[in-house]
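Q:
Protein chains: 4
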Amino acid sequence: MSASWWLGFDIGGTRTKAGVVSEDGSVRRTHLVETGHESFEVVWERMLAIADEALAAEGPDGLAGVGIAAPGVVEPTFGVRNLPGKVPGIEDFPMRERLEARLGVPVRCINDGAAATLAEWRFGAARGHDDVVGLTIGTGLGAGTIIGGRPLQTTNLAGGVSFGHATIAVGGRTCLCGNVGCAETLVSANAVVGRMRDYVARKVPSTITEAYGHDPGAITFRTLVEGVDAGDRVAKEIMQQFTRDLGATIVTAIHAYDPEVVVLAGGPMAQADHFLPQVQAYVDRYAFRYPKERIIPIRRAERSDHAGVLGAVARVMQSVADHAPAT
Amino acid sequence: MSASWWLGFDIGGTRTKAGVVSEDGSVRRTHLVETGHESFEVVWERMLAIADEALAAEGPDGLAGVGIAAPGVVEPTFGVRNLPGKVPGIEDFPMRERLEARLGVPVRCINDGAAATLAEWRFGAARGHDDVVGLTIGTGLGAGTIIGGRPLQTTNLAGGVSFGHATIAVGGRTCLCGNVGCAETLVSANAVVGRMRDYVARKVPSTITEAYGHDPGAITFRTLVEGVDAGDRVAKEIMQQFTRDLGATIVTAIHAYDPEVVVLAGGPMAQADHFLPQVQAYVDRYAFRYPKERIIPIRRAERSDHAGVLGAVARVMQSVADHAPAT
Amino acid sequence: MSASWWLGFDIGGTRTKAGVVSEDGSVRRTHLVETGHESFEVVWERMLAIADEALAAEGPDGLAGVGIAAPGVVEPTFGVRNLPGKVPGIEDFPMRERLEARLGVPVRCINDGAAATLAEWRFGAARGHDDVVGLTIGTGLGAGTIIGGRPLQTTNLAGGVSFGHATIAVGGRTCLCGNVGCAETLVSANAVVGRMRDYVARKVPSTITEAYGHDPGAITFRTLVEGVDAGDRVAKEIMQQFTRDLGATIVTAIHAYDPEVVVLAGGPMAQADHFLPQVQAYVDRYAFRYPKERIIPIRRAERSDHAGVLGAVARVMQSVADHAPAT
Amino acid sequence: MSASWWLGFDIGGTRTKAGVVSEDGSVRRTHLVETGHESFEVVWERMLAIADEALAAEGPDGLAGVGIAAPGVVEPTFGVRNLPGKVPGIEDFPMRERLEARLGVPVRCINDGAAATLAEWRFGAARGHDDVVGLTIGTGLGAGTIIGGRPLQTTNLAGGVSFGHATIAVGGRTCLCGNVGCAETLVSANAVVGRMRDYVARKVPSTITEAYGHDPGAITFRTLVEGVDAGDRVAKEIMQQFTRDLGATIVTAIHAYDPEVVVLAGGPMAQADHFLPQVQAYVDRYAFRYPKERIIPIRRAERSDHAGVLGAVARVMQSVADHAPAT
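Chains as they are written, first to last, in our numbering: chain A, 244 to 570; chain B, 244 to 570; chain C, 244 to 570; chain D, 244 to 570.
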């Protein structure tokens, strides 16, 4: 089986990525396709072309399976079931059926937030653990969960994927999802940017207000880190809040899922030195765990470059293993 | 197999209950044992006596398995692993091993909070569903979770059991568990009683203050309901808060676990008419679900009388089914 | 004028106090009268008897004026205008008119919360200052204000007296006054007791829970201090909250009234070592003041033993001085 | 005295306004001077030129006094005592002394936030009342207070002026003044803009997000009103919050100062139909007042066009009246 390889796709709103992945998770070759605003049929044709190209390059015999990560509510053995407005035609598209018919190998689909966690579980920072929570701190707060050595899977397809919308601030602000006080309203790059913009609008003296008072649209998570490094009071206050709220979100994840390890991904993790030790301390102080001395490590994701591709491959690998004849 | 029966135990801090349970979940006979402050060895002897008595009464052939529900961190194939201070000797006691050796049938253990959910899943309000969350609103907030047709089970044994300690009010009050802002600090009979006692201490005009100003220790959840029925402003305010916080807790459970149905148990459910419709409305408004039109019903528990016994039996039943030879 | 003396009354819900006061604020003699549940006419007769007794003892010539402190909305040149239910008949009673007719000296009335501040301003910790705020941390949060060297006095009689009901926690809990989030809901002995009772009801591990779990009605502010001294986590948390909220209340008073000094009275001040330095630090950090280096000292009341009597006397003294012919 | 007139100045950060004011508050003539970034000496020369021009036009005999409104900490009989960085040289400038020496009439200075309230008290919506609170909802939250028929005046010069920094949300966000949870952090045009920017940054579906997602710097208070008119959920939520917080601020002002009437000024008042009735309802429900049936009306400012000029004139008028010989 040493020559076998896997194909992974990561469908995004603006572009789709494909990768040829070895059994051990090394990514041998990647392709990018513009997703644009075209109908999904067009995107699909480009994905097929990539598959053909990969088969031509790698040889037809080794392909063991195909995984597809996509945004929205995803049914593993079908494709995307719900993704309002983003990619026309994707909701009705039987990805798995079409691709299995064409390639003759197992195909599985997965939510892209969950994929990031599977990538870490199978190939990255959570390797070897059966109980894992992964959070992706991006424009929103993505989530994925492994329990008992398997991705959490529910009848209605959203198991573990919506955890970023756990209510951590009852009575809090409305989230883009319609709920109030979601973790995502406080723990995401956008939430932190929104908080900085509020201080700037109120002209609170700060390096941030000085630099971005006339262009609040240019504030990013990096702005916060620069402010903290400059010793700015407002930046430190917002960072503290972010740290506490991220800590509380992780404590909630621990109380909900009882993981052995938590993995964090997303843009802000490039500046994790500024908050990860404090978040770990918060979790060490407040999370219940058994045995008591156990530390639940909060780790940086290692496979973020190819999170979607690798998570999709991890998903189909698991399915293949499940159906393998016992030896 | 029609004549087979099961034995369930529900070990509590003050008393232990046993029940003979039919395949369909009907409880044929129950026994009560004082747990007292004695060492667990003494309690155990009484449990064995009950088992002997049941075998004598039912006949020795039909016993299919034994389930044991207990507080604390419970290992299904061992017994209690962690239960600080409550029942001396229980932490080291190999319940399953001892009982299997004696009775020759499968034995499984389970956390009592989780047991309540298993009872509803197998025999009660959540029958027929593969994804279930159960919450027990008692002195604390117990929880149990079924995902993909199986009780959530993790390496470190607390999966789903600690969900009552999800942080729903970041920056909130300290909980008995040591965390801050837990659902349990707001959604439990004790939390509601604590809130009433605060209003009484502050002499806020209210039927509650009038009736219990000189005896705040006598306030119970029922007091709240009576106040609401009397049109009392304070009671209505506290009930509203409770309703919202319970709603937010359930929304969080839905976003974490994606259940098809939520079951609520516990003393306050006797007055569920006063808050359940509002909680359902909160959930209908704020919970993400797919498909969109889907209602996630919040149901009253039906098997609360024997929750621990039935949940323990459900647990061992599942284990027996897992190990049954395929036909 | 060296031989002149003043008579002060402090009418309370359960007893009324009278005192003979020298020009310099020394209290030469005091009397106590039960206020009971009798009509105010009865109380008044007893007050007159005390006045007669005082005149007999001191000699009739020196009496310079009479001050009366009373709860509720008080009109200085009339008496009590509003005091729901507490002392029958007091609302219609023309105290000043009756007493001036009988004794032939100036009589003035004042709210008892404001009286405490006047006592400190004229005879105690705020002597020599023209801008003073006084807060009395008791079962509620009383307040009084001196601005520009005069007690704050408004057309509708409540000026400065209701400051304990400033909203410091928007969206907070209902106060006995009907408003929500009042300082009094957080900063009063009763509020602190209410908070402790909440933790006890929720069985949060604590020396307080241990000692008062079975008798929450016996918890007092002292309980908190004992818990802090014992290093108890819950007690420290509640004390921190109290300290912060008291600090925020004083900052609000400073931003509203711009005092030179703040004086705190009330039972909890006996334990002021446990919180006063922290409150001062909070105020030093957060209060705006001009000039910038200025410290606004937060002082302990010095005349609490006779606060009502002395404040009432201070009130009539000021009135006499106002009407004195210029020299 | 029917021919007498008054001169008022309103010194701002970018421009200074002057006006000739009749005894009855009608403004006969106004002038504008750029304040720019020049030293105050330059501005002063321009102010003198205006005074000369006015004297030439009105005739020299009728000038009864000059009032000067200015930002910062203002001493009535001196000028500005504290105004960090905004107008170089203004802090040391003896305005009153210089102008009295030159013109031979009484001159008085006043904080511009307080001036707005004096304008309403003497010439506008609060005419005839002795106890008045005025709030100006602008980029910040200005305040002024009349008590007992006189502007509140304290030794340290900030009496009533800092009320916008009353803490109404203990534990809240840092304000530009350095305090946390100030009314100004929630009740000001900038605070509302900051809140909208937060929702936009978090991409919460809304007409605001649609229109300003790419240009958050262009959001204004008007944006909120347009959103409410369009039925937008986010706009309605933010407006509700603003309404509640403004209500809580006014309740706090009432509990602090016991006014007969509250006057609101500032840009958002152009859209007062969208929130004033709700604010009045909040106040009617939550504010303590005596007598109970009394409504404390919350009125729109009537003299906002010349608030600073008229308030300054009101200030010097009062001073002249104080020093007038009794008749």
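Glycine included, C-beta positions come from ideal geometry on N, C-alpha and C.
#1: For alanine 499(D), I'd like the list of residues in its chain whose CB is within less than 8 Å of its CB, leaving aside the five on either flank, ordered along the chain.
#2: Taking the alpha-carbon of alanine 312(D) as reference, which of Leu298(D), Gly302(D), Met290(D) has the nearest alpha-carbon?
#3: Would you mind telling me which residues of chain F sit closer than 7 Å to aspartate 441(D), beta carbon to beta carbon, in chain order?
#4: Starting from leucine 384(A), trace the beta strand (DSSP E) in both directions and tell me its first and last residue.
#5: When you compare only the Cα positions, how much space is there between alanine 386(B) and leucine 378(B)?
#6: So valine 309(C) packs on valine 348(C), CB below 8 Å; how close in whole Å?
#7: Closer than 7 Å by beta-carbon distance: list the chain A residues that pair up with asparagine 433(B), in chain order.
#8: Which residue spans inside the segment 475 to 563 of chain C form an unbroken alpha helix (DSSP H) run of at least 4?
#9: Compute the Euclidean distance between the alpha carbons of phenylalanine 252(A) and aspartate 335(A), then round it to the nearest angstrom.
#10: Does the Cβ of glutamine 483(B) have 16 or more other Cβ atoms within 10 Å, making it buried, or fewer, making it exposed?
#11: Say whether chain C places a C-beta atom closer than 7 Å to the C-beta of glycine 460(B).
#12: At a Cβ cut of 8 Å, what residues of the segment 480 to 502 of chain D count as close to chain A, listed as they run along the chain?
#13: Quick check on lysine 446(B) - is its C-beta less than 7 Å from some C-beta in chain C?
#14: Can you tell me the Cα-Cα spacing of threonine 397(D) and aspartate 548(C), whole angstroms?
#15: Is alanine 401(B) near isoleucine 411(B), with beta carbons less than 7 Å apart?
#16: Would you list the residues sitting across from serine 265(A) in a DSSP beta bridge?
#17: Under the three-state reduction of DSSP, which class applies to glycine 347(D): helix, strand or coil?
#18: Between the alpha carbons of threonine 382(A) and asparagine 354(B), how many angstroms are there, rounded?
#19: For glutamate 277(A), list the residues DSSP reports as bridge partners.
#20: Measuring alpha carbon to alpha carbon, tell me which of Gln521(A), Met560(A), Pro448(A) ends up nearest arginine 365(A).
#21: From the beta carbon of leucine 419(D), is the nearest beta carbon of chain A less than 7 Å away?
#22: Starting from the beta carbon of arginine 324(A), find every residue of chain B whose beta carbon is closer than 9 Å, and list them in chain order.
#23: Chain A beta carbons: is any one of them nearer than 7 Å to that of tyrosine 529(B)?
#24: Pick out whichever of Gly262(B), Val285(B), Phe283(B) has its Cα sitting closest to the Cα of histidine 274(B).
#25: Check proline 394(A) in the structure and name its three-state DSSP category.
#26: With a threshold of 7 Å between beta carbons, is aspartate 374(B) in contact with chain A?
#27: In chain order, what residues of the same chain lie with their CB nearer than 6 Å to the CB of valine 505(B), ignoring the 5 residues before and after it?
#28: Can a CB atom of chain B be found closer than 7 Å to the CB of asparagine 354(A)?
#29: Taking Cβ-Cβ distances below 7 Å as the criterion, which residues of the segment 386 to 411 of chain B are in contact with chain A?
#30: Could you give the C-beta distance for glycine 414(C) and glycine 424(C), rounded to a whole number, given that I count them as a contact under 8 Å?
#31: Considering only their Cβ atoms, is the gap separating valine 317(D) from valine 556(D) smaller than 7 Å?
#32: May I ask you to list, following chain order, the residues of the segment 466 to 477 of chain B that have a beta carbon less than 8 Å from some beta carbon of chain C?
#33: Taking Cβ-Cβ distances shorter than 7 Å, what residues in chain B pair up with threonine 428(C)?
#34: Please name the residue or residues paired with alanine 313(C) in a DSSP beta bridge.
#35: Relative to the C-alpha of glycine 392(D), which candidate in Glu363(D), Thr417(D), Cys418(D), Leu384(D) has its C-alpha closest?
#36: Using a Cβ-Cβ cutoff of less than 6 Å, which residues in the same chain neighbour arginine 438(C) once the five nearest sequence positions on both sides are dropped?
A: Quick look at the numbers:
#1: By 1-based counting over the fourth sequence, the position of residue 499(D) is 256. These residues qualify, in order along the chain: Phe406, Ala409.
#2: Numbered from 1 along the fourth sequence, position 69 holds the residue referred to as residue 312(D). The candidate whose alpha carbon is nearest that of alanine 312(D) is Met290(D).
#3: Within the model displayed, chain F is absent; protein chains A, B, C and D are what it includes.
#4: Position 141 of the first sequence, counted from the first residue, corresponds to residue 384(A). Here the beta strand (DSSP E) through leucine 384(A) covers 384 to 390.
#5: For the purposes of this step, residue 386(B) is taken as the residue at position 143 of the second sequence. For the purposes of this step, residue 378(B) is taken as the residue at position 135 of the second sequence. Using only the alpha carbons, I get a separation of about 5 Å.
#6: Here residue 309(C) refers to the residue found at position 66 when the third sequence is read from its first residue. Here residue 348(C) refers to the residue found at position 105 when the third sequence is read from its first residue. Right, the Cβ-Cβ distance comes to about 6 Å (below 8 Å), so this counts as a contact.
#7: Here residue 433(B) refers to the residue found at position 190 of the second sequence. Residues of chain A passing the Cβ test: none, with the nearest at roughly 18 Å.
#8: Qualifying alpha helix (DSSP H) stretches, in chain order: 476 to 500, 519 to 529.
#9: Here residue 252(A) is taken as the residue at index 9 of the first sequence, counted from 1. Here residue 335(A) is taken as the residue at index 92 of the first sequence, counted from 1. If you take the alpha carbons of phenylalanine 252(A) and aspartate 335(A), they lie about 18 Å apart.
#10: Sequence index remark: in the second sequence, residue 483(B) carries index 240 (1-based). Exposed is the call here.
#11: Position 217 of the second sequence, counted from the start, is the residue given in the question as residue 460(B). Taking Cβ atoms only, chain C reaches closer than 7 Å to glycine 460(B), which makes this a yes.
#12: If the cut-off is 8 Å between Cβ atoms, the segment 480 to 502 of chain D has Glu480 near chain A.
#13: Residue 446(B) sits at position 203 when you count from the first residue of the second sequence. With 7 Å as the cut-off, lysine 446(B) counts as an interface residue toward chain C.
#14: For this step, residue 397(D) is matched to residue 154 along the fourth sequence. For this step, residue 548(C) is matched to residue 305 along the third sequence. Going from the Cα of threonine 397(D) to the Cα of aspartate 548(C) covers about 29 Å.
#15: Locating residue 401(B) in the second sequence gives position 158, where the first residue counts as 1. Locating residue 411(B) in the second sequence gives position 168, where the first residue counts as 1. Contact flag unset, no.
#16: Position 22 of the first sequence holds residue 265(A). Serine 265(A) pairs with Trp248(A).
#17: As a position in the fourth sequence, residue 347(D) is number 104, starting the count at 1. Coil at glycine 347(D), not helix or strand.
#18: One-based indexing of the first sequence puts residue 382(A) at position 139. One-based indexing of the second sequence puts residue 354(B) at position 111. C-alpha separation (whole angstroms): 38 Å.
#19: What you label residue 277(A) is simply residue 34 of the first sequence in a count that begins at 1. Partner(s): Arg258(A).
#20: Within the first sequence, numbered from 1, the residue matching residue 365(A) stands at position 122. For arginine 365(A), the nearest C-alpha among the options comes from Met560(A).
#21: Within the fourth sequence, the letter at position 176 stands for residue 419(D). Chain A, which has a Cβ nearer than 7 Å to the Cβ of leucine 419(D), makes this yes.
#22: Working through the first sequence from its first residue, we reach residue 324(A) at position 81. Neighbours of arginine 324(A) across chain B, judged by C-beta separation under 9 Å: Tyr533, Pro534.
#23: The residue labelled residue 529(B) in the question sits at position 286 within the second sequence. True, the Cβ-Cβ gap to chain A drops below 7 Å.
#24: On the second sequence, residue 274(B) is found 31 positions in, with the first residue counted as 1. Ranking the options by Cα distance to histidine 274(B), first place goes to Gly262(B).
#25: For the purposes of this step, residue 394(A) is identified with residue 151 of the first sequence, where counting begins at 1. Residue state, collapsed to three classes: strand.
#26: Counted from its first residue, the second sequence places residue 374(B) at position 131. Interface residue, yes.
#27: Indexing the second sequence from 1 puts residue 505(B) at position 262. So the qualifying residues of the chain are Val376, Ile493, Ile541.
#28: The count along the first sequence starts at 1 and reaches residue 354(A) at position 111. Chain B, which has no Cβ nearer than 7 Å to the Cβ of asparagine 354(A), makes this no.
#29: Residues Ile390, Gly391, Leu395, Gln396, Thr397, Thr398, Asn399, Leu400, Ala401, Gly402, Ser405, Phe406, His408, Ala409, Thr410, Ile411.
#30: For the purposes of this step, residue 414(C) is taken as residue 171 along the third sequence, with counting starting at 1. For the purposes of this step, residue 424(C) is taken as residue 181 along the third sequence, with counting starting at 1. Confirmed, about 6 Å.
#31: Along the fourth sequence, one-based indexing puts residue 556(D) at 313. Along the fourth sequence, one-based indexing puts residue 317(D) at 74. It is not a contact, given that the beta carbons lie outside the stated cut-off.
#32: Arg476, Val477
#33: Within the third sequence, numbered from 1, the residue matching residue 428(C) stands at position 185. Neighbours of threonine 428(C) on chain B, chain order: Arg445.
#34: Stepping through the third sequence from its first residue, residue 313(C) is reached at position 70. Answer by DSSP bridge pairing, in chain order: Asn354(C).
#35: Working through the fourth sequence from its first residue, we reach residue 392(D) at position 149. Taking only the C-alpha atoms, the option nearest glycine 392(D) is Glu363(D).
#36: Here residue 438(C) is taken as the residue at index 195 of the third sequence, counted from 1. Contacts found: Ile481.
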